[in-house]
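Residue numbers (this note's numbering): 62 to 388. Since the structure comes first, as structure tokens, the remarks are kept for the end.
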Amino acid sequence: MPARFDYLVTGGAGFIGSHLCERLQSEGKSVCVLDDLSTGHLENIKELQSSDNFHFIEGSVLSVETVNDCVDMCEEVIHLAAAVGVENVIKRPVETIETNVSGTENVLRAARKNNTKVFIASTSEVYGKSWKVPFKEDGDIVLGPTSRNRWSYACSKALDEFLALAYNHSYGLPVVICRFFNTVGPRQSGRYGMVLPRFINQALTGQPITVFGNGTQTRCFSLVSEVIDCLLALMDSPDAVGKVINVGSTEEITILELARRVREISGSNSEIVLVPYEKAYPPGFEDMQRRVPDISKLIGLIGICPEAAIDTIIRKVIEYGIPEGAQ
Ligand code: UDP
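Here it is in structure tokens:
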């Protein structure tokens, strides 16, 4: 094991984290992963474990001591550990708020000691119910009431952004903050609510494809490998320091159309059914109608953006094998 690592990846056994670790390793970088395996899986990093350049620590970002030790061993930190998926957030609100807020606080505090560069993963959820599509990073955010706990996720991530920006402004800590828009790809689980792996699982196993609401809500889906291209390019861009940057595709698709494409591309006979929101989610849920990023800042900084077409993405996920569906 090296005395120092090029990167600490928190949440490195998760979906985005494990793809990122594979990439870093293929580029010859040494990586230390901190993950509590709450939603990440050892299976995701199995192939990496045999390398001398890779080290896995099972632990939580809520442990100040563990976070300090990990950050001290690494040149840069990519902080991805967070509560995952809408369902998880609604079912476990305390864990969501604590993990997202205290975890990031611990990482930033530890990084401050040696002025270690930190990447903070935020989310398009932060825009909430804003109707000003496409969403610009400096646009107003519109969240629902605190009685609807879906909004705790957006609010906790917004607080992470405030805190990271404050560390940058007050202490000069180099931070890069990205808002990811519906990142998908091979190996993503449908267990925590994510729509694409669920639809593909349903289509490939002959179950009904469950579209929540009337299916007119839209999303823009980005392929994980392209999101990682952007993440790493932004970490290498001095101009990205101290900024919040949208990372997503601009190809907007309704969820009903997504279901149709999945059905067609997979050659499935599954029927597409509309499930009312009251049946799909516990009380306290509100969906977002449209979610599209303005990516001019991203392009201005690094000249690239996620651009794989949704049909290509669906094919890649299908090729990889049947994703885990809802539990
Ligand atoms: N959705 C759906 N069927 C499912 C899972 C999700 O129609 O089995 C819908 C969900 O209500 C939302 C969209 O798909 O409108 C995207 O949901 P996801 O949880 O993937 O991401 P997010 O809501 O965070 O964008």
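Cβ atoms here follow ideal geometry from the backbone N, Cα and C, with glycine treated the same way. Just so we're clear, the structure is a prediction, and the values are computed from it rather than from any experiment.
- Comparing alpha-carbon positions, the option among Lys377, Ile363 and Leu362 lying closest to Ala369 turns out to be Lys377.
- Counting only beta-carbon distances shorter than 5 Å to the non-hydrogen atoms of ligand 1, the qualifying residues in chain order are Val147, Gly254, Met255, Val256, Arg259, Thr271, Val272, Phe273, Gln278, Ile316 and Asp348.
- The continuous stretches of beta strand (DSSP E) do not include Ala225, which lies in the alpha helix (DSSP H) extending over residues Arg211 to Tyr232.
- The bridge partners DSSP lists for Ser183 are Arg240.
- Excluding sequence positions up to five before and after Tyr338, its CB lies within less than 8 Å of the CB of Phe273, Gly274, Phe346 and Asp348, all in the same chain and listed in chain order.
- In this structure, the beta-carbon distance from Asn262 to Ile383 falls below 8 Å.
- In the same chain as Ser217, and ignoring 5 residues on each side of it, the C-beta atoms closer than 7 Å to its own belong to Thr157, Ile158, Asn161 and Val162, in chain order.
- By alpha-carbon distance to Ala182, the top candidate from Ala142, Ser99 and Val94 is Ala142.
- For the set Arg352, Glu312 and Ala294, the Cα lying nearest the Cα of Ile360 is the one of Ala294.
- The C-beta of Trp192 has fewer than 16 other C-beta atoms within 10 Å across all chains shown, which makes the residue exposed.
- In this chain, the alpha helix (DSSP H) harbouring His80 covers Phe76 to Ser87.
- Per DSSP, reduced to three states, the secondary structure at Pro354 is strand.
- Going by beta carbons, Val132 and Leu69 fall inside the 8 Å limit.
- Non-local C-beta neighbours of Ser213 in its own chain, meaning closer than 8 Å and more than five positions away in sequence, comprise Val150, Pro154, Thr157, Ile158 and Thr207, ordered along the chain.
- Distance from the CA of Glu88 to the CA of Glu126, rounded to the nearest whole angstrom, comes to 30 Å.
- For Asn176, no beta strand (DSSP E) encloses it, and the DSSP letter there is neither H nor E.
- The distance from the Cβ of Lys178 to that of Pro235 is about 4 Å, consistent with a contact at the 8 Å cut-off.
- For Lys377, the enclosing alpha helix (DSSP H) starts and ends at Ile371 to Tyr381.
- Fewer than three beta-carbon pairs drawn from the stretch 324 to 336 and the stretch 282 to 294 are found closer than 8 Å, and the two stretches are therefore not classed as touching.
- Considering only Thr315, Tyr342 and Tyr381, the residue with the shortest C-alpha distance to Ile371 is Thr315.
- Taken in chain order, the whole beta strand (DSSP E) runs of length 3 or more contained in the stretch 118 to 165 are 135 to 140.
- Cα atoms of Asn129 and Leu265: separation of roughly 44 Å, rounded to the nearest angstrom.
- The three-state secondary structure of Cys291, taken from DSSP, is helix.
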